[in-house]
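Written out below as structure tokens is the structure these notes cover.
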Amino acid sequence: MVPNHVCAELVPIFNHLDHESLVKISGITRHRNFRRGETVFSPDRQSGLIIISRGRVKVYQLSGSGKEQLLRVLESGDFFGAESLFGSENPAGFGEALSALEVCTIGREDFMNLLAQYPSISIKLLEEYNRRLVAADRLITSTATESVASRLAGYLLDLMKVAESNEVTLPLPMKELAAFLGTAPETLSRKIGKFEEEGLLERNGKRIRILQPDTLNDIE
């Protein structure tokens, strides 16, 4: 189990605080564990601010016909639920554990007290949501204007950036990843195979080793 103060330190809205402050936050942080496939949060079941300490969470919304629309995948150091702490409803609403999962939670009242005590958290929160808005806008634009190859290349480079390594793991099954990138699973598989044939990457199941990131970055 990740110590509470270490859990808080994973998150960009807290990691600028000194050790003493992080230890204080540990006093209001609670741990929860989930198995793969379990629902972590939903519109009628929120748990305050949720910090991912280990594992991955698929965030999605449901269409009127009940079809899933993938929004993003949360990994260690990501957080969710700040919207509900300010009284707004989250349109995504659903989170499903993609693996064995450990999260830390902070309740609404405790989080509001933190904002009053540490105003810098509010600034960091705004910065983080701005980053997410920029990423969402980039995804919408790329889906509408870029080729499948370009979207796939950009996605792999984003994974590499997050992992800080040229070896990455695809966090989603091929069908869900294809839907996220706005293409068909068969098309996505062919593009990955083509990248491998061209020597841009090596693939072993969900593990991918990126060999030529500069070339991927130039794909249009």
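Numbering (numbering that gives the first Met the number 0), first residue to last: 0 to 219. All C-beta atoms, glycine included, are put in the ideal place defined by N, C-alpha and C.
(1) Using only the alpha-carbon positions, how far apart do A99 and L180 sit?
(2) Within 10 Å of its beta-carbon, does V102 have 16 or more other beta-carbons around it, so buried, or fewer, so exposed?
(3) Of all the alpha helix (DSSP H) runs that stay within the bounds of the region 70–154, which reach a length of 4 or more residues?
(4) Taking the C-alpha atoms as reference points, what is the distance between R208 and K190?
(5) Assuming F194 is part of the alpha helix (DSSP H), what are its boundary residues?
(6) Would you check if the region 145–164 and the region 102–119 touch, i.e. whether three or more CB-CB distances between them fall below 8 Å?
(7) Per DSSP, which one or two residues make a beta bridge with F13?
(8) How is the alpha helix (DSSP H) around L61 delimited, first residue to last?
(9) Of all the options E185, Q211, L171 and P184, which has the alpha carbon lying nearest to the alpha carbon of G54?
So, from the listed chains and residues:
(1) Working through the sequence shown from its first residue, we reach residue 99 at position 100. Working through the sequence shown from its first residue, we reach residue 180 at position 181. Cα to Cα, A99 sits roughly 25 Å from L180.
(2) Looking up residue 102 in the sequence shown gives position 103. That one is buried.
(3) 81–84, 107–116 and 119–144
(4) As a first step, residue 208 is located in the sequence shown; it is residue number 209 there, counting from the start. As a first step, residue 190 is located in the sequence shown; it is residue number 191 there, counting from the start. C-alpha separation (whole angstroms): 15 Å.
(5) Taking the first residue of the sequence shown as position 1, residue 194 is located at position 195. P184 to E196 is the span of the alpha helix (DSSP H), which, as asked, contains F194.
(6) Not touching, per the Cβ criterion.
(7) The residue labelled residue 13 in the question sits at position 14 within the sequence shown. According to DSSP, F13 bridges with nothing at all.
(8) Working through the sequence shown from its first residue, we reach residue 61 at position 62. Careful: L61 lies outside any alpha helix (DSSP H), inside the beta strand (DSSP E) at V56 to L61.
(9) Here residue 54 refers to the residue found at position 55 when the sequence shown is read from its first residue. That would be L171, whose Cα lies nearest to the Cα of G54.
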